[in-house]
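Asks:
Residue numbers (our numbering), protein chains in the order written: chain E, 100 to 180; chain L, 198 to 1153.
1. Please report the straight-line C-alpha distance between residue 287 of chain L and residue 226 of chain L, rounded to a whole angstrom.
2. Contact criterion: CB-CB distance below 8 angstroms. Does residue 150 of chain E meet it with respect to chain L?
3. Would the stretch 592-612 of chain L and the stretch 485-496 of chain L be scored as touching if the rule is three or more Cβ pairs under 8 angstroms?
4. As an exercise, report each continuous alpha helix (DSSP H) stretch of at least 4 residues that is fully enclosed by the stretch 235-264 of chain L, in chain order.
5. Could you have a look at residue 704 of chain L and say whether DSSP puts it in helix, strand or coil?
6. Using a Cβ-Cβ distance under 8 angstroms, would residue 155 of chain E count as near chain L?
7. Residues of chain E with a CB under 8 angstroms from the CB of residue 1162 of chain L: which are they?
8. Would you identify the three-state DSSP class for residue 276 of chain L, choosing helix, strand or coil?
9. Between residue 1107 of chain L and residue 1067 of chain L, is the Cβ-Cβ spacing less than 8 angstroms?
10. Could you tell me how far apart the beta carbons of residue 1077 of chain L and residue 1097 of chain L are, in whole angstroms, since I believe they sit closer than 8 angstroms?
11. At 3 residues or longer, what runs of the beta strand (DSSP E) sit wholly inside the stretch 607-672 of chain L?
12. Starting from the N-terminal side, write out each stretch of the alpha helix (DSSP H) that is 4 residues or longer and does not extend beyond the stretch 819-847 of chain L.
13. If you reduce the DSSP assignment to three classes, tell me which class residue 1052 of chain L lands in.
14. In the DSSP assignment, find the alpha helix (DSSP H) that holds residue 1030 of chain L and state where it starts and stops.
15. Can you look up residue 731 of chain L in the DSSP assignment and give me helix, strand or coil?
16. Less than 8 angstroms between the CB atoms is what I'm expecting for residue 435 of chain L and residue 449 of chain L, so what's the real figure, rounded?
17. Quickly, what does DSSP pair residue 167 of chain E with across the bridge? List them, please.
18. Measure the C-alpha to C-alpha separation of residue 541 of chain L and residue 220 of chain L and round it to an integer number of angstroms.
19. By alpha-carbon positions, which one of E:157, E:151 and E:115 ends up nearest to residue 176 of chain E?
20. Mind checking who residue 694 of chain L pairs with in its DSSP beta bridge?
21. For the alpha helix (DSSP H) holding residue 112 of chain E, just list the boundary residues, first then last.
22. Ignoring anything shorter than 3 residues or poking outside the stretch 522-572 of chain L, list the beta strand (DSSP E) runs there in chain order.
23. Between residue 1137 of chain L and residue 1014 of chain L, what straight-line distance do the alpha-carbon atoms span, to the nearest angstrom?
24. Tell me whether residue 142 of chain L sits in a helix, a strand or coil according to DSSP, three-state version.
25. Examine chain L for any beta-carbon lying closer than 8 angstroms to the beta-carbon of residue 163 of chain E, and answer yes or no.
26. Taking only the alpha-carbon atoms, compute the straight-line gap between residue 205 of chain L and residue 534 of chain L and give it to the nearest angstrom.
27. List, in order along the chain, the chain L residues whose C-beta lies closer than 8 angstroms to that of residue 171 of chain E?
28. Checking contacts by CB at 8 angstroms: is residue 640 of chain L closer than that to chain E?
29. Please decide whether residue 900 of chain L counts as near chain E, where near means a Cβ-Cβ distance under 8 angstroms.
30. Are residue 367 of chain L and residue 388 of chain L touching if we call contact CB-CB under 8 angstroms?
31. Suppose you measure from the CA of residue 198 of chain L to the CA of residue 513 of chain L; what does that come to, to the nearest Å?
32. Hey, could you find the ends of the beta strand (DSSP E) residue 376 of chain L is sitting in?
33. Mapping the DSSP letters down to three states, classify residue 1156 of chain L as helix, strand or coil.
34. So, at 6 angstroms on beta carbons, what are the nonlocal neighbours of residue 485 of chain L in its own chain, with the 5 sequence-adjacent residues on each side left out?
35. From which residue to which residue does the beta strand (DSSP E) around residue 1042 of chain L run?
36. Using 8 angstroms for Cβ pairs, my map puts residue 477 of chain L next to residue 640 of chain L. What's the rounded Cβ distance?
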């Protein structure tokens, strides 16, 4: 189980969090349909770093952006959203 | 195997009684069941999984593949317990498995004769063959193949979960683990030391070594005491089952033995977050490969030695030792020390050298370049061995064959943690390579066998000299005909591996699945490396090139109860009670779970069935008035200068022009355009909105609103507050409802889809005029802790008007008649607004979540999509929910029934359904066919509206 560095609560167990999505699959309200659907369905899953949106649902309820290594799962950076 | 007396263990033990297959026997405290059975002369313990071959004890640790038994009686019975992994307690009852009518006379053993007919891949071939063949074999195979049976009653044991932190977790209390734990604890670090055995010591249990002047096991006890004295925690009978991300290790602690009724907690699942992990997990000995190497009496040499030195039990009186390295020689000395005769030592090496070899040559008949070809059998027991000695076949009589084909470092946890493996050809073994997490491996698991290297500060006195690294046994190339096993639990032989290879299964992962190699409950702990060597040899490649299968958690089987812990029964999930639960109970409500909530289903009169009661309640609403509790509906208040932006993003319907004091029905979509939820949106003030949505989707909607505000809109000047639990909701519906409400409030009621503040029973309430039943209706919202007097007033008033309370079932009947959809039934995660006939409601300009998804061709074009329709049973019979809609019985379904209901206004059975091109099929006749319920009802297709087409009844 990952230990996620919540910027508000400190390191907490993964089971307190919910994964939302990769930043590259964000769909903005004003995105053109083609752009939106590409973000949802035509995504790369490349070796290397991923920027992910998580929410600390069982904690402070705040949204975070985590930078995670797709191979080792190690977190490099976390940012409050 | 003759019953043998105890000698030499030197441990003060008490005699206790146990039962195996109905036979009363005696054991000594500290015995494993395996040791006790061997001491009682029981050779035959189990029947194998596939061929029902007779099996005995092979090993003395958790790796035991063969000797699986059921321990305990009734609800406490635990199947598939390794005889070597249960410590005998007074009154233990064990039974053999997978044998009928008895272990000795097992009808299933006929499988062994039919073995040529059920080779590796038999199941696959049968599955892909004609179905008739599978039908023929299935019942026979299902009965014959298998492990123990689970108990048929609920597990009475209690299980707990515990979380803990430590600076250093040490797995394994052998010499390396004890040393590491004591050092860390005495350096002031928080230490947890876990050991799957009942006592610390590990490999010291099978050595005659003294450490700092103490016998090995006494030194282990003393060192464990040092860990405790320095503040460390020592958990015995605890197995580390999984190594997860960020140094998170799960471990299962057994507080009672299998089958043992316990007063308190039987097992604890530990969740350990560790600074550093030291894996001192030792090795597992490998078998040698030869024909009939699975006979009872053929055992691992280390296990024979453990029985002798730890339990004082001789596994045989005339023993042949077959080995490929020095370690098994120690078994010869241990057995000789308790009076057993060593018939011969067969060493596969041509010129072994060293002090222990020389010492052995002085006492025993040592044969080099010698290896077993075939175990000889008398009855169900080994009676000798035919061996190849320097090219010549020779026979040796024995009652126990102790074998060793090397040892495999236990690297499961290292591998689970993402660590690399390095292959060492001289040892035929993988050793731990670079780790990915904060862990290291120590002792024999890291390839270090010499005690003086593990305990550099200690004075070691070993009469047999320093231990050396084991070398692998020879590869089996079919030198004798017959079955030579590499996986004892799943009955996989060398010929199965060859067959898989001949049939093109080259990758070890394919071979594994084709032959079931390593797929038993033991995960091939003893034989996997032997099998890999065989596979590599068959392909003519080096072992690492042949590949290695994945080490998956759990390391040893974990009982389901340990995972569940205390979370079962009423604790399986939170139970949510309505604020008015007591008042509904007083009215005789029958409760039904709806998500986490319990809601009133019906309020039956004495002797009334649920169906009769719900129809009576629904007709009461159509005739006069009724009250239903809608408190569990999700309610969100959205307020602030940017509140409109939030509402416009979440709701797919027009919002901007909604007047203050008015509400409307609305839809919330997922990004792919599918309906996520529905509800009503009310404008309380210019910058204040109330959004209601489905009870079951409340948590999802809360998170969605949070996502939209914080992520999509980047923190607008608006607050979203979840009011769901703060407000109770009571829906008052029926032709008399407006008059009742006006009377109660002393004020004019709001127009349809209007809202008003009012007082009922001295409590301030909010009234929302919305109808779900199709009748004139009002939702009365009231702070939850003031709801009781309001509910009482409403109930009194509707009763005076000939109405009463109604439940969820009646509400369902009413809404089906009006064609209103429900999230989860009609909006089933695959339907768009247009599919539900609600496409016209959407905001044309877009800008809401999901608008882009709706533009996809498959969504925008309604041709071929499943559309909401109404269904009416034509010739009687009740339509079944979930029934398929077909032209003729047996046809491919064109759709299905989502909700069925009795007609409230009238008689007969109606339903809502999703039907391909449904709106083009109005007037057609189909069948609602449910083969599982054996129901086949003729239905006519029409619009999803059965009552008051003009909507005259709910308007003002």
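Beta carbons: idealized from backbone N, C-alpha and C, even for Gly.
Replies: Well, looking at it:
1. Residue 287 of chain L sits at position 90 when you count from the first residue of the second chain. Residue 226 of chain L sits at position 29 when you count from the first residue of the second chain. In a straight line, the C-alpha of residue 287 of chain L is about 9 angstroms away from that of residue 226 of chain L.
2. Numbered from its first residue, the first chain carries residue 150 of chain E at position 51. So no, residue 150 of chain E is outside the interface.
3. yes
4. none
5. For the purposes of this step, residue 704 of chain L is taken as the residue at position 507 of the second chain. Residue 704 of chain L falls in the coil class under three-state DSSP.
6. Along the first chain, read from residue 1 onward, the residue named residue 155 of chain E stands at position 56. By this cut-off, residue 155 of chain E is not an interface position.
7. With chain L covering 198 to 1153 only, the question about residue 1162 of chain L has no answer from this structure.
8. Sequence index remark: in the second chain, residue 276 of chain L carries index 79 (1-based). The answer is strand: DSSP assigns residue 276 of chain L an E or B state.
9. Here the question's residue 1107 of chain L lines up with position 910 in the second chain. Here the question's residue 1067 of chain L lines up with position 870 in the second chain. Yes, the Cβ-Cβ distance between residue 1107 of chain L and residue 1067 of chain L is below 8 angstroms.
10. As a working note, residue 1077 of chain L is residue 880 in the second chain. As a working note, residue 1097 of chain L is residue 900 in the second chain. At roughly 6 angstroms, the Cβ-Cβ gap stays under 8 angstroms, so residue 1077 of chain L and residue 1097 of chain L are in contact.
11. 618-621, 626-629 and 636-638
12. 840-847
13. On the second chain, residue 1052 of chain L is found 855 positions in, with the first residue counted as 1. Three-state DSSP puts residue 1052 of chain L in coil, outside helix and strand.
14. Residue numbering aside, residue 1030 of chain L sits at position 833 when the second chain is read from its first letter. Premise fails: residue 1030 of chain L is in no alpha helix (DSSP H) and is neither H nor E.
15. Locating residue 731 of chain L in the second chain gives position 534, counting from the first residue. Helix at residue 731 of chain L.
16. The sequence position of residue 435 of chain L within the second chain is 238, counting from 1. The sequence position of residue 449 of chain L within the second chain is 252, counting from 1. About 7 angstroms separates the two Cβ atoms, so the contact holds.
17. Mapped onto the first chain, residue 167 of chain E falls at position 68. Beta-bridge pairing links residue 167 of chain E to E:149 and E:174.
18. Residue numbering aside, residue 541 of chain L sits at position 344 when the second chain is read from its first letter. Residue numbering aside, residue 220 of chain L sits at position 23 when the second chain is read from its first letter. Distance between the alpha carbons of residue 541 of chain L and residue 220 of chain L: 34 angstroms.
19. For this step, residue 176 of chain E is matched to residue 77 along the first chain. The shortest C-alpha separation from residue 176 of chain E is found at E:151.
20. Working through the second chain from its first residue, we reach residue 694 of chain L at position 497. Residue 694 of chain L pairs with nothing; no bridge assigned.
21. Residue mapping note: residue 112 of chain E aligns to position 13 of the first chain, counting from 1. No alpha helix (DSSP H) holds residue 112 of chain E; the beta strand (DSSP E) holding it covers 109-112.
22. 538-544 and 563-565
23. Start at 1 with the first residue of the second chain, and residue 1137 of chain L comes out as number 940. Start at 1 with the first residue of the second chain, and residue 1014 of chain L comes out as number 817. Spanning the two alpha carbons is a distance of roughly 15 angstroms.
24. No statement about residue 142 of chain L is possible, as the shown extent of chain L runs from 198 to 1153 and does not include it.
25. Along the first chain, one-based indexing puts residue 163 of chain E at 64. So, not an interface residue.
26. Mapped onto the second chain, residue 205 of chain L falls at position 8. Mapped onto the second chain, residue 534 of chain L falls at position 337. Low local confidence applies: a pLDDT of 47 at residue 205 of chain L is under 50, so the model's placement there is unreliable, with the coordinate-based value given in what follows. About 8 angstroms.
27. Translated into the one-based positions of the first chain, residue 171 of chain E becomes position 72. Within 8 angstroms Cβ-Cβ: 615 and 633.
28. Working through the second chain from its first residue, we reach residue 640 of chain L at position 443. For residue 640 of chain L, the answer is no, since every Cβ of chain E falls outside 8 angstroms of its Cβ.
29. In the second chain, residue 900 of chain L corresponds to position 703, counting from 1. Yes, its Cβ sits closer than 8 angstroms to a Cβ of chain E.
30. Numbered from 1 along the second chain, position 170 holds the residue referred to as residue 367 of chain L. Numbered from 1 along the second chain, position 191 holds the residue referred to as residue 388 of chain L. Closer than 8 angstroms, so yes.
31. For the purposes of this step, residue 198 of chain L is identified with residue 1 of the second chain, where counting begins at 1. For the purposes of this step, residue 513 of chain L is identified with residue 316 of the second chain, where counting begins at 1. Model confidence at residue 198 of chain L stands at a pLDDT of 43, short of 50, so the residue's coordinates are unreliable and nothing is read from them.
32. As a position in the second chain, residue 376 of chain L is number 179, starting the count at 1. Segment 372-383 is the alpha helix (DSSP H) holding residue 376 of chain L; no beta strand (DSSP E) there.
33. One cannot answer for residue 1156 of chain L here, as it falls past the ends of chain L, which runs 198 to 1153.
34. Taking the first residue of the second chain as position 1, residue 485 of chain L is located at position 288. Within the same chain, residue 485 of chain L has close Cβ partners 519, 600, 602 and 670.
35. Position 845 of the second chain, counted from the first residue, corresponds to residue 1042 of chain L. Looking at the DSSP string, residue 1042 of chain L is not in any beta strand (DSSP E), and its letter there is neither H nor E.
36. Sequence index remark: in the second chain, residue 477 of chain L carries index 280 (1-based). Sequence index remark: in the second chain, residue 640 of chain L carries index 443 (1-based). Yes, they are in contact, since the Cβ atoms of residue 477 of chain L and residue 640 of chain L sit about 5 angstroms apart, within 8 angstroms.
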